[in-house]
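Enquirer: First the structure, which I've put down as structure tokens, then a few questions once you've had a look.
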Amino acid sequence: VAGGLEMMLACDLCIADESARFSDGHLNFGQIPGGGSSQRLPRMIGVRRAKDMILSGRFVSTQEALDFGLINRCVPAGELDKAVQETVQSLSRLSFAGRKGAKYLVNEGLKGSISDGLKLEIDYCGTYETTHPDAKEGMLAFRDKRSPQFLPRS
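The opening residue of the sequence shown carries number 453 in this note's numbering; numbering runs sequentially from there.
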């Protein structure tokens, strides 16, 4: 609720327990969103859904949050810690530099037109693919049909 929702909106991924509920809630106490939900929420779930959550202060179920795209995944009650740990382990096997680059491309690409974003992607990928050791290692691992051994946080 309120600040907790705003913190969640600043995250790249969100996994929720099926019993969770979400609300902006600021207006329930005479406050207005001040930690990002007035900007991040409409970009994430659309203007009408965001205004519904912000202006009504109502709670949204986990299923509704999943349908809206507010959360990435819903897990059965009591399995949240396990699901988060599995996600962290899965992500940690991937290239840190690759994840960092992909996040950069998504975030920066959304600031301009699709044409600008595609140019950004072409330029960034051209440099990354020809200079970063993880890119080379990934291609060699693919060729050799083995798991890649990426550099630690580089």
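All C-beta atoms, glycine included, are put in the ideal place defined by N, C-alpha and C.
Excluding the 5 residues flanking F511 on each side, which residues of the same chain have their C-beta closer than 6 Å to its C-beta?
Expert: If we look at F511 and ignore the five residues flanking it on each side, its Cβ neighbours are R473 and S475.
Enquirer: Three or more C-beta pairs closer than 8 Å, one from the stretch 458 to 468 and one from the stretch 524 to 536: is that the case here?
Expert: They touch, by the three-pair rule.
Enquirer: Going by the beta-carbon positions, is the gap between L557 and E573 smaller than 8 Å?
Expert: Taking 8 Å as the Cβ cut-off, L557 and E573 qualify as a contacting pair.
Enquirer: Please report the distance separating the alpha-carbon of L543 from that of L522.
Expert: Rounded to whole angstroms, L543 to L522 spans 20 Å at the Cα level.
Enquirer: Would you give the residue range spanned by the alpha helix (DSSP H) that A554 belongs to?
Expert: Taken as a continuous stretch (DSSP letters only), the alpha helix (DSSP H) holding A554 covers F548 to G561.
Enquirer: CA-CA distance, D586 and R551?
Expert: Whole-angstrom Cα-Cα distance: 11 Å.
Enquirer: Nearest-angstrom Cα distance between L570 and F481?
Expert: One C-alpha to the other measures close to 43 Å.
Enquirer: Considering I523, what are the terminal residues of the alpha helix (DSSP H) in which it resides?
Expert: Segment: none, I523 is in no alpha helix (DSSP H) and carries neither H nor E.
Enquirer: Given 7 Å as the limit, tell me if L592 has its C-beta closer than that to any heavy atom belonging to the ligand SAH.
Expert: The ligand content of the structure shown is nil, which means the ligand SAH is not present either.
Enquirer: Please look up how many angstroms separate the CB atoms of G455 and G487, rounded, as I've assumed it's under 8 Å.
Expert: So it is a contact: roughly 6 Å between Cβ atoms.
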